Amino acid sequence: MKRKKKAAEPAAKRRRPRGRDGELVGDGDLISKLPDDILGTIISLLPTKDGARTPAISRRWRPLWRSSPLNIDGALSLCSNAYKRFSVVSRILADHPGPARRFRFHHIRLHKDKKRHAEEAAQVENWFHSRALDKLRELDISFEFLGYEPRKLYPLPPSVFRLASLLVATISFCEFPNQIVPSMSFPTLKQLTLFRVFICEDVFRGVLSACNVLESLELEDICDANCSRLGISSKSLRSVSLCACFSGKGELFIEDAPLLERLLLPCPGAGGDTVG
Numbered sequence: 149m150k151r152k153k154k155a156a157e158p159a160a161k162r163r164r165p166r167g168r169d170g171e172l173v174g175d176g177d178l179i180s181k182l183p184d185d186i187l188g189t190i191i192s193l194l195p196t197k198d199g200a201r202t203p204a205i206s207r208r209w210r211p212l213w214r215s216s217p218l219n220i221d222g223a224l225s226l227c228s229n230a231y232k233r234f235s236v237v238s239r240i241l242a243d244h245p246g247p248a249r250r251f252r253f254h255h256i257r258l259h260k261d262k263k264r265h266a267e268e269a270a271q272v273e274n275w276f277h278s279r280a281l282d283k284l285r286e287l288d289i290s291f292e293f294l295g296y297e298p299r300k301l302y303p304l305p306p307s308v309f310r311l312a313s314l315l316v317a318t319i320s321f322c323e324f325p326n327q328i329v330p331s332m333s334f335p336t337l338k339q340l341t342l343f344r345v346f347i348c349e350d351v352f353r354g355v356l357s358a359c360n361v362l363e364s365l366e367l368e369d370i371c372d373a374n375c376s377r378l379g380i381s382s383k384s385l386r387s388v389s390l391c392a393c394f395s396g397k398g399e400l401f402i403e404d405a406p407l408l409e410r411l412l413l414p415c416p417g418a419g420g421d422t423v424g
């Protein structure tokens, strides 16, 4: 009695496709078959926490996160605990070699206990010394009031002034130092927004002089009592926007801005500013 021949299995079942790393790829996993540069772009568009998890997908994905441009967003989605977010951001910056495109962290809140506060302040200072941020393009940071001294703004970390590759910067709810490093330079910065910051006139002038290609400047609620008069001097500035520029009565002078095309003033009654 002749044995029946076993029917041949479909070719697709016999040979499953393999990825570049030799790992089997299911028919439904079309994303893993994409080129590295496209996968890197996908990872860079994901929320920070999700992007950091992609190495767990498969061996194919393991090296991609570290080689993809980094976008850090310290939102609640990164970590619901405001204080634990410091260590999460520090770990990401330590694990990722960069470059980072964007660093966004609103309402940076340090612990009210002075010892914990000092530890977290050191972490924040170290963030901007990280090699991953050496080529940072966009910065958007704001702080909470100091927990152990109500209504006092947090001092802006000096390491922020080393971010020479910035294109766009938004800095809010903090106090600028009374002196800045003379060698400070932002040769590519085009947009600068300052909201609810303490900054003295000399430092303000120094910041503007360090921005050789600055085109847009937005000021809102500059609240240092000693900074009731600001002078704007910039050879490249094209747009200045003021929104209740001073928390009290203040004066702002356009001293030297030959390329200025647009001056946006606050609505009547929005503040006691004088523009000259």
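Numbering (my numbering), first residue to last: 149 to 424. Each residue gets a CB set at the ideal place from its N, CA and C atoms; glycine is no exception. Note that the structure is a prediction, hence the values are computed from the model and not measured.
Own chain, CB closer than 8 Å to residue i, minus 5 neighbours either side, in chain order
| i | result |
| --- | --- |
| PRO325 | PRO303, LEU304, PRO306 and VAL351 |
| ARG279 | PRO245 and GLY246 |
Beta-carbon separation (whole angstroms), residue i vs residue j, contact threshold 8 Å
| i | j | result |
| --- | --- | --- |
| ARG250 | GLU286 | 4 Å |
| PRO183 | PRO217 | Going by Cβ atoms, the distance from PRO183 to PRO217 rounds to 16 Å, so no, they are not a contact pair. |
| SER364 | SER387 | 5 Å |
| VAL355 | SER384 | Actually they are not in contact, since the Cβ atoms of VAL355 and SER384 sit about 14 Å apart, beyond 8 Å. |
Reduced DSSP secondary structure (H/G/I, E/B, other) of residue i
| i | result |
| --- | --- |
| ASP261 | coil |
| LEU187 | helix |
| LEU408 | coil |
| GLN271 | helix |
| ARG250 | strand |
| SER320 | strand |
| GLY354 | helix |
| ASP243 | helix |
| ILE205 | coil |
| ARG279 | helix |
| ILE179 | helix |
| VAL236 | helix |
| LEU362 | coil |
Own chain residues within Cβ distance below 6 Å of residue i, not counting five before or after
| i | result |
| --- | --- |
| LEU111 | A question about residue 111 goes unanswered here, because the residues of the chain that appear run from 149 up to 424. |
| ARG252 | ASP221 and ASP288 |
| TRP209 | THR202 and PRO203 |
| ALA358 | MET332, SER333 and PHE334 |
Beta-carbon proximity list for residue i, same chain, < 7 Å, skipping 5 on both sides
| i | result |
| --- | --- |
| LEU408 | LEU385, ARG386, VAL388 and ILE402 |
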